[in-house]
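Numbering (the numbering used here), first residue to last: 173 to 291.
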């Protein structure tokens, strides 16, 4: 998986999904929060660490094999803090999505009004 190109994400559907064999899939242990790691994997620190261990001649094809990925050490907050951080960023993502939908709606409304003005 090439995290520098956004190939890290979290399955929040609650259902099993099909994923290319090229990608590494994983699930956090019980004392870790999956949602926290979904956010953490996209941080500049995680991407910097990823680049240190990535192999592959083309940037687009670089990846870190799971045995290597699982050995990378990093500081992790308590489970309670992980859950709070994960919830904060999920709420922030939801708020961004809401505002993006509102912006899209207003842009469509503007387009419609401009068309009516010049017809």
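C-beta atoms are modelled at their ideal positions from N, C-alpha and C, and glycine is treated no differently.
Item: Contact the region 262–280 vs the region 220–228: 3+ CB pairs below 8 Å; Value: no
Item: Bridge partner(s) assigned by DSSP for residue 227; Value: 235
Item: Where residue 247 falls, given that 16 or more other Cβ within 10 Å makes a residue buried; Value: exposed
Item: Opening and closing residue of the alpha helix (DSSP H) in which residue 257 lies; Value: 251–289
Item: Beta-carbon spacing of residue 211, residue 222 below 7 Å; Value: no
Item: Inter-residue CB distance, residue 255 and residue 203 (contact presumed, cutoff 8 Å); Value: With a Cβ gap of about 11 Å, residue 255 and residue 203 do not count as contacting.
Item: Sequence-distant residues of its chain with Cβ nearer than 7 Å to residue 197 (five each side left out); Value: 191
Item: Straight-line gap, residue 282 to residue 269 (C-alpha atoms, nearest Å); Value: 20 Å
Item: Residue span of the alpha helix (DSSP H) that contains residue 208, given as start and end; Value: 206–212
Item: Residue 220 in three-state terms, based on DSSP; Value: helix
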